[in-house]
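This note's numbering puts the last residue of the sequence shown at 530; the count rises by one with no breaks.
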Amino acid sequence: MTLSRNSFRQSGTGVALLLAAACGRTPAPSVPAPAKPAVPVFYAPRLVPQPTSLATAGDAPFVISETTVLEADGADAMPVARLFAARIRPATGYPLVPGTPAVATNSIRFQLRADRTDLGEEGYELVVRPDSVRIVARSAAGLFHGAQTLRQLLPPEIESDIRIGRPWGIPSLTIRDIPRFAWRGAMLDVARHFFTVNEVKQYIDILAMYKMNVLHLHLADDQGWRIEIRSRPLLAEKGSVTEVAGRPGGGGYFTQQDYADLVRYAQERFITVVPEIDMPGHFNAALIGYPELACSRRAPGPYTGIDVGWSTVCVDSAPSYALIDDVVREMAELTPGQYLHMGGDEVETLTPEQYASFVQRVQEIVARHGKKMVGWEEITAAQLQPGTIAQLWRADSLRHPLGPGVRMLLSPAKKAYIDQKYDPTTELGLRWAGYVDVRDSYDWDPATYLHDVGEDRIAGVEAPIWTETLRNITAVEYLAIPRLPAIAEVGWSAQGTRTWDDFRVRLAAQAARWRMLGINYYRSSQVPW
Ligand code: TNX
C-alpha cells in the first residue's frame with residue numbers, strides 16, 4: 002500500500018481531496034516541484050438510482066490495494082463476488098480472488114443474511130469504513146445491487162478494460178437501499194431490426210448497472226419472427242429473413258440455444274427475461290411459413306415497412322390455437338421467469354367480441370403451461386385472471402376497470418418510450434408521442450399517473466425501445482441513454498428521495514463511466530455534463 006488512507010478527506014464540492022503528485026517529498030523552498038496533475042483518491046457519491054438512505058461517515062476512505070481480499074459469506078454470495086472482481090480487476094490490475102471469510106481488515110465482504118428481512122427481496126446495506134467494506138443482503142440479488150452501488154462509488158476509471166495506475170478510493174459511508182417497485186424493466190424490440198446475442202448482452206449490462214431487473218424481449222412482429230420454435234420450424238426459417246428496410250443480409254433469429262444463453266446471462270445479473278410473442282396482430286412474419294393461420298389461407302410476403310394494425314392471425318380457427326399452444330409451450334419451457342407477454346396491441350381488424358375472446362383463450366393457454374400472462378393495455382377489454390399484468394402505453398386513464406388481482410405495468414409513451422425523439426433535431430427515433438427529453442422521462446410519479454390506479458395496483462415501470470429506426474446497439478444506446486437510467490430511478494427510488502435538480506447532477510457524473518465503457522449517449526442540454 003503506497004497511500005496512507007488517513008491523508009485524504011472529502012471536499013465539499015464532490016471531488017475529493019487531491020493527491021499531490023509530490024506527496025511524501027518536501028521540495029526545497031527555493032525550487033518548487035514542477036506541478037504534476039493531481040489525482041482524486043475518491044469522489045463524493047453521485048449515485049443513480051438514488052439510494053433510500055445514505056450517510057457519509059466522515060472517516061478516511063477505504064482504498065483498494067494489491068492485497069485487498071474479497072470475501073463471499075454464503076454459497077450464493079460467491080458468484081456475485083466473482084462478477085464484481087471480474088469488473089474491477091482489469092482497471093486495478095490487482096488479483097482480488099474471492100474466497101471465504103478469513104480476515105477482518107482490508108476486505109470487501111459480500112454477506113448473505115437470511116434474517117435481514119428488513120432489507121426485502123432485493124435490498125442491501127453497504128457499509129464502507131477505512132479498513133473494510135461490507136455488503137449485506139437477504140438475497141444474492143440484493144448483494145448484486147449493492148455491488149453495482151460499490152462500482153459507482155469508485156472513480157469512473159474503474160470501468161476501464163486496461164490497467165490504470167491511480168488510487169481506488171471509496172468514501173466512508175453507510176447506505177441502506179430498498180427498491181420501490183418489484184418490476185423495473187426495459188423492452189428491446191429485436192423484431193423490427195434484429196440484434197445479435199452479444200448486442201443484447203451489452204444492453205443487459207446497462208440494465209444491470211442501473212438495478213433494472215426485467216428484460217422484455219419483443220421477439221415477433223410483422224417484420225420478423227426471431228425465436229426458433231422446434232415444433233414449428235418455418236416460423237423462424239421463413240419469418241426471420243428480413244427486417245425494416247430489408248437490408249441484404251439483415252434479419253436473423255435466436256436459436257433456442259442463443260435464447261438460453263441470454264436467459265442465463267441475464268439471470269447471473271438478476272434480470273428476468275420476459276419473452277413477447279405479439280398476437281393476434283403484428284403477426285405477418287408467422288403467416289409466411291404457416292399460411293393456414295391466415296383467414297385468406299394465402300401466404301403473405303415478408304414485410305419491411307413500419308405500418309401497424311393491419312395483420313392478424315385468424316382468430317376463429319382451430320389451427321391458430323394449435324400453433325399458439327406449441328409456441329407458448331416451448332417458450333414456457335425455455336423461460337424460467339413466471340411471465341409470458343402475448344402482445345395484444347393495435348388490433349384493427351377484429352370486432353371487440355373477437356378480440357376479447359381471443360385474449361381470454363390465449364390467457365388460458367398461458368395458464369395451462371404454468372405461466373402468467375402480460376399484455377399491452379388493450380387486453381383490459383377482456384376478462385383477465387388474477388395475476389395477469391396489463392402494460393400501459395398510450396392511455397391517460399383506464400377505459401375498463403381492472404379485475405381483481407390484475408395489475409398495471411406503466412410504460413406511458415410520453416415518459417417511458419425511449420424510442421421517441423428527444424427534440425426536433427434528433428435524427429433517430431419516432432415522434433408519434435411527442436418529444437421526450439430526459440426530464441420528461443424522469444419527472445413523474447407512477448402512483449399518481451393514472452387517477453384510478455394507486456401504487457398497490459402497479460407492478461412497476463418499463464422503458465420500451467422500438468427499433469424501426471435503430472439498426473444496431475450503438476443507435477439503441479443513443480436513444481436509451483440517458484433516459485433509461487431516468488426510468489430506472491423512477492422504478493427504484495422512493496418518490497420523496499428524488500428531485501430533478503439533484504438527479505441531473507448525479508446523471509452528469511455517469512457520463513465518464515459510459516465513455517469508459519464505450520456506451521453511446523445523447524448529450525441532452527438539460528443535463529450539466
Ligand atoms: C406502438 S407500443 C407500438 C409498436 C411500435 C411503437 C413505435 C405498442 C404496444 N405498439 O408496434 O413499434 O408504437 O413507437
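Think of the CB as a built atom: it goes at the ideal place given N, C-alpha and C, for glycine as much as any other residue.
Quick caveat: nothing in here was measured; it's all calculated off a predicted structure.
How would you label residue i, buried or exposed, when you count the other beta carbons within 10 angstroms and need 16 or more for buried?
i	result
Asn214	buried
Asp457	exposed
Arg484	buried
Asn473	exposed
Ala92	buried
Asp222	buried
Thr468	buried
Thr243	buried
Tyr522	buried
Gly306	exposed
Ala105	exposed
Arg110	buried
Ser8	With a pLDDT of 32 at Ser8, under the threshold of 50, the modelled position of this residue cannot be trusted; read the value that follows with caution. By the 10 Å Cβ count, Ser8 comes out exposed.
Glu349	exposed
Arg499	buried
Glu365	exposed
Ala286	buried
His146	buried
Ser54	exposed
What residues are listed by DSSP as bridge partners for residue i?
i	result
Arg135	Arg110 and Val128
Thr336	Thr336 is not bridged to any residue.
Phe255	Ile228
His217	Met188 and Val275
Leu55	Ile176
Arg408	Ile390
Below 7 Å, is the gap between the Cβ of residue i and the nearest heavy atom of ligand 1?
i	result
Glu347	yes
Tyr304	no
Phe528	First, the residue type needs correcting, since residue 528 is Val and not Phe in the sequence shown. Checking the Cβ of Val528 against ligand 1 gives no.
Glu67	no
Tyr418	yes
Val363	no
Asp190	yes
Trp169	no
Val309	yes
Leu431	yes
Trp394	yes
Glu160	no
Glu469	yes
Trp377	yes
Within 8 Å (strictly less), CB to CB, does residue i reach chain B?
i	result
Ile136	This model lacks chain B altogether, as it is built from one protein chain only.
### Message
Check whether the region 145 to 163 and the region 186 to 200 are in contact - that is, three or more C-beta pairs closer than 8 Å.
### Response
no
### Query
Any chance the region 399 to 415 sits against the region 457 to 468, with 3 or more Cβ pairs inside 8 Å?
yes
### Task
Please confirm if the region 70 to 90 is in contact with the region 195 to 202, defined as three or more CB-CB distances below 8 Å between the two stretches.
no
### Query
Is there contact here, the region 169 to 183 with the region 219 to 226, by at least three beta-carbon pairs under 8 Å?
no
### Message
Across the region 420 to 435 and the region 490 to 509, are there enough close Cβ pairs to call them in contact, namely three or more that are closer than 8 Å?
### Response
no
### Query
For the 8 Å Cβ check, are there 3 or more pairs between the region 433 to 453 and the region 416 to 424?
yes
### Task
Spell out a yes or no on whether the region 506 to 515 and the region 58 to 78 are touching, meaning 3 or more CB-CB pairs, one atom from each, closer than 8 Å.
no
### Message
I want to know whether the region 298 to 314 touches the region 232 to 248 - three or more CB-CB distances under 8 Å.
### Response
yes
### Message
Whether or not the region 276 to 290 and the region 306 to 320 are in contact is what I'm after, with contact meaning three or more pairs of Cβ atoms, one per stretch, closer than 8 Å; do they touch?
### Response
yes
### Contact the region 338 to 352 vs the region 366 to 379: 3+ CB pairs below 8 Å
yes
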